[in-house]
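Following: one structure in structure tokens, then a few remarks.
Residue numbers (my numbering): 47 to 428.
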């Protein structure tokens, strides 16, 4: 058993975990961030990924015809409505899996938005590089966009506490079409359908040439927490909520790009909300984070808080889930103390990512331990 594994088991025992609960939580809280890279980038923000160029074109087109109209001509999912069972139809599968044009397809009646003219497209400069952001100020439209772009146009539920979504591995058939056009020009006279199918086979492993990452954002109150609960005016809380939400999602992008992972897991959420809160108000507040999760009255949990979204698959047992709540409370409070003492030196553009990177080296048990301060500092000193 490694030293870290034993330390984590000891922390769990100190929180009253049984042997079975310890086993559950050691698995749930396992750190899976990939360390196979030779060295970290020397400079931030990172350069943009290849898909950003296509979205710059979309943004230019959007200035002429509007964002929703522009994207509806580029993203095939926006050509279909939200309808139960639509993803199983032959038409939908051909359009989204094979890039078959939807012209004349009776099912392709288009995505319906309540306020399509309000949809905004931003190219946001994050620590991990520029990323496209779709912002809607209409809750129903946010749900529709999430369902279209991440749920294959199926009307699956979107939790009320969810106000943003990062889309990864999105197959953009418009980029495939652009690639084919460029290939045809280079191979004039030898661009038959069979030749293209051979080239397409070579394209498939090069996912960066056709898969996109983007963020879908709403402007509701963060984690569905009211302004009165936070003690701010609605205008101010809505502004802060948008900043937290955007930087939260950009932090998932950051860990995915650097370490190949972003999960529905409390460590990921702790790191992402840390960054979001600090970016929005200049310092970390554990009480805000705990309220976002539904733990403002710990040990009581408020049903509908975000915590229940991160119970894991298979879900943690009732006992293990209670201990997870105690762990996250201690971890947040330890992080607040560290940020209050050292955060001032971690606010420059190149030092902001260093704190996020340091947190990815730890586990929830280590952050909940009484020695969390020294664990964080030791990594920062390396």
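All C-beta atoms, glycine included, are put in the ideal place defined by N, C-alpha and C.
Please read these numbers as outputs of a predicted model, since none were measured by experiment.
Residue i, buried or exposed, once every other Cβ within 10 Å from all chains shown has been counted against 16
i: residue 281; result: exposed
i: residue 253; result: exposed
i: residue 178; result: buried
i: residue 371; result: buried
Inter-residue Cα distance where the pair is residue i and residue j
i: residue 158; j: residue 195; result: 13 Å
i: residue 121; j: residue 199; result: 12 Å
i: residue 277; j: residue 271; result: 11 Å
i: residue 318; j: residue 230; result: 43 Å
i: residue 400; j: residue 290; result: 19 Å
i: residue 236; j: residue 93; result: 35 Å
i: residue 257; j: residue 97; result: 7 Å
i: residue 186; j: residue 295; result: 20 Å
i: residue 422; j: residue 411; result: 13 Å
Of the residues the options, the one placed nearest residue i, counting alpha carbons only
i: residue 189; options: 289, 206, 175 and 259; result: 206
i: residue 367; options: 66, 52, 51 and 49; result: 66
i: residue 440; options: 335, 116 and 396; result: In the structure as shown, the chain begins at 47 and stops at 428. Residue 440 is therefore absent and cannot be evaluated.
i: residue 304; options: 59, 80 and 233; result: 80
i: residue 404; options: 390, 239, 420 and 415; result: 420
i: residue 110; options: 133, 163 and 94; result: 163
i: residue 82; options: 407, 416, 313 and 212; result: 407
i: residue 182; options: 175, 126, 123 and 263; result: 263
i: residue 77; options: 259, 313, 365 and 216; result: 313
i: residue 87; options: 104, 174 and 119; result: 174
i: residue 119; options: 100, 134 and 202; result: 100
Beta-ladder partner(s) of residue i, from DSSP
i: residue 258; result: 216
i: residue 166; result: 181
i: residue 210; result: 263
i: residue 111; result: Its beta-bridge partners do not exist; DSSP assigns none.
i: residue 176; result: 171
Assigned secondary structure, residue i (DSSP; H/G/I helix, E/B strand, else coil)
i: residue 171; result: strand
i: residue 222; result: helix
i: residue 375; result: helix
i: residue 333; result: helix
i: residue 61; result: coil
i: residue 56; result: helix
i: residue 314; result: helix
i: residue 381; result: helix
i: residue 90; result: coil
The ligand SAH heavy atom lying under 8 Å from the CB of residue i
i: residue 375; result: Although the ligand SAH was asked about, the structure shown includes no ligands whatsoever.
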